[in-house]
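The number in my numbering is simply the position in the sequence shown, starting from 1, with 51 added.
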Amino acid sequence: MQPLDEIKKYSETVCEQIRWKKAHPVIGEEIENHLCDQRDAYICEGQEEETATRNAIIQMGDAVAVGMALDKTHKPKPQWALIILALLLMVIGAGASYLTDTPGDTRGSFSIFPYIAAAAVFFITYFLDFSILGKYPKQSYYLVLVISVLGVLQSSRIIGRAWFVLGPYSVSLAYLSLIFPLTYSLFLYAMRNKGVRGILCCGLGYLPYAVILLLIPSTTGFILFTLTTFILLGIAVARGWFGVSKKTGMLLVLLPGACSAGLTCIWFFQNAYRISRLSTLLNPYSDSRGYQIVLIRELMSNAAFIGKGSVPRQYGENVLSMSYFGNDFILTTMAHQWGWAAFFGVVMIFTAFSVLGFLYVSRQKSVLGSMVSMAILLTFIMQTVIYIAGNLGYGLLSVLSLPLVSYGKAALLINSGLIGFMLSVFRTGDIMKDSYKPYTKKSSFIAYEDGKLIINFKG
């Protein structure tokens, strides 16, 4: 048997003992590389190739014993803390939605089914192999783009915003902003190793999604997607995934980013509605449109620490039955009905989930795992921050949803699927590998050194 065949046979025997088949390629490659390095070391000492290979295998140990030892350490790693927190948020959402329903409004329409469906979607995506996203990154980006364009073209305008309506069912196209960061991260993954061209393509790849969100229109979705995009792009440049210097890469990211921020500010201050919304937020008592903000702040200021808070006399006891105190103000309702303790309890769960999420994202070894998990986590956190600000009465942006808690079926299912994918990355991302080329400065073609003219033909 040829020396190389002996090494391959040894690695195959080791892998046969490992039950997690997805780990076989990575472990097999590591075993073969280690044996080849050890063999080369023996050859340098003067041994023949066959003898060196045999000694390297002997030094490695019995293949079956090595495989059994690796089987104990190479297993999927379920993140039980995050799973429990995610399910707990769904339970809180279902309970709060049921208990805060009013007999004259939505009691008869409440159903536990959306939360059951969300839990099912969560576990389906959790057990899916997230690496399949890396096999078709650009296809995923363009598929979502085409579907989004068709959705906008076929949409109906409801209160000035695009909705996709099919019979009795309707979905706000603003929820596309929850999916766009994930598919953009896949596009970014496809552009790795492509240098300056890759960064420029990522900038161009941002534009179609951004335009769609402005056409819907969804200012919240646009800002959420824009911030996520620039954070992901900045991380990719900082880690050298494009194969260009950090200085050049950051200039290519920050200059367009600054221009975009400037144009956004100009657009904002030329929009009368946005200006009035800002002035209402700063002084809600000056305009009748600030009624809702005043009401929320009054309810929160009159909330007890534990137990039901008081309602200012001018609003009446049935104020929470108003239609806008539904999915958009669950935390406000909880604080009023059960006290600040309930509010802070939910916020602490979201905080714990986010902190643990960042911890596991930082441990990802692959570009794909890092990009996918970071995109989903940022989407989760930004939704939450915007929602909490709105429920305190200080929200400049309209809320989208409170992830895993809000009763809205589309947002609930989308967020559940996204969180499931993120936890799938954490479960199996340790054995995911992909290549990237760190930046190396090329020497000049013509250089003058020590009084000599040097022409470098190798580059």
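Think of the CB as a built atom: it goes at the ideal place given N, C-alpha and C, for glycine as much as any other residue. In this text, all values refer to a predicted model and were calculated from it rather than measured experimentally.
Sheet register partners of residue i (DSSP bridge)
i	result
Ser223	Trp214
Ile209	Arg212
Buried versus exposed call for residue i [16 or more other C-beta atoms within 10 Å across all chains shown]
i	result
Met473	buried
Pro165	buried
Ile432	buried
Gly118	buried
Cys253	buried
Asp379	buried
Gly97	exposed
Tyr336	exposed
Leu217	exposed
Asp56	exposed
Tyr257	buried
Ser221	exposed
Gly313	exposed
Glu99	exposed
Gln205	exposed
Leu410	exposed
Met399	exposed
Ser352	exposed
Ile437	buried
Leu350	buried
Ser199	buried
Ala116	exposed
Val197	exposed
Leu194	exposed
Ser374	For Ser374, the predicted structure reports a pLDDT of 46, less than 50, and the residue's modelled location is therefore unreliable. A value from the coordinates is still provided. So Ser374 ends up on the exposed side.
Leu306	exposed
Leu451	buried
Ala241	buried
Cβ separation of residue i and residue j, assumed to be a contact under 8 Å, to the nearest whole Å
i	j	result
Phe273	Ala261	6 Å
Met385	Phe394	6 Å
Arg212	Ile267	6 Å
Val412	Leu428	6 Å
Gly441	Val476	Contact flag wrong, Cβ pair sits at about 29 Å.
Arg70	Asp122	6 Å
Arg243	Phe293	6 Å
Gly44	Leu224	Outside the shown range of the chain, which is 52 to 510, sits residue 44, and nothing can be said about it.
Phe276	Leu265	So it is not a contact: roughly 10 Å between Cβ atoms.
Leu239	Leu283	6 Å
Ala169	Met141	6 Å
Own chain, CB closer than 7 Å to residue i, minus 5 neighbours either side, in chain order
i	result
Phe401	Thr435
Leu237	Leu184, Pro188, Ser191, Tyr192
Val381	Checking the displayed sequence, the identity of residue 381 turns out to be Ile instead of Val. So the list reads Ala147, Leu453, Val456, Ser457, once near-sequence residues are dropped.
Gly144	Tyr166, Leu455, Val456, Ser457, Tyr458
Thr104	Pro54, Glu57, Ile58, Arg90
Phe281	Val304, Gly308
Ala132	Leu407
Pro129	Arg478
Ala354	Gly360, Ala386, His387, Gly390, Trp391
Leu233	Val423, Ala426, Ile427, Leu469
Ala107	Leu86, Gln89, Arg90, Tyr93
Val172	Leu464, Ser467, Gly468, Gly471
Phe17	It is not possible to answer for residue 17, since the shown part of the chain is limited to 52 through 510.
Pro363	Glu349, Asn353
Own chain partners of residue i with C-beta closer than 8 Å, once the 5 adjacent residues on each side are dropped
i	result
Thr270	Arg325, Leu448, Ser449
Gly79	Ser62, Glu63, Val65, Cys66
Met301	Gly285, Val288, Ala289
Lys59	Glu83
Gln110	Gln89
Ser405	Leu428, Phe431, Ile432, Thr435
His125	Ile69, Trp71, Ala74, Ile78, Ile482
Lys297	Val288, Ala289, Gly291, Tyr490
Leu251	Leu303
Beta-carbon contacts of residue i that lie in its chain and below 6 Å, excluding the five residues immediately before and after
i	result
Thr176	Gly468, Gly471, Phe472
Glu101	Pro54
Pro127	Arg478, Thr479
Arg340	Thr331
Exercise for review: Count the CB pairs spanning the region 225–243 and the region 459–478 that are closer than 8 Å, and state whether there are at least three.
Suggested key: yes
Check your understanding: Should the region 343–359 be regarded as contacting the region 378–391, the criterion being three or more beta carbon pairs within less than 8 Å?
Key -> yes
**Study point:** Cβ contact (3+ pairs, closer than 8 Å) linking the region 437–457 and the region 340–353
**Key:** yes
Review point. Is the region 130–149 in contact with the region 83–103, if contact means three or more CB pairs nearer than 8 Å?
Key: no
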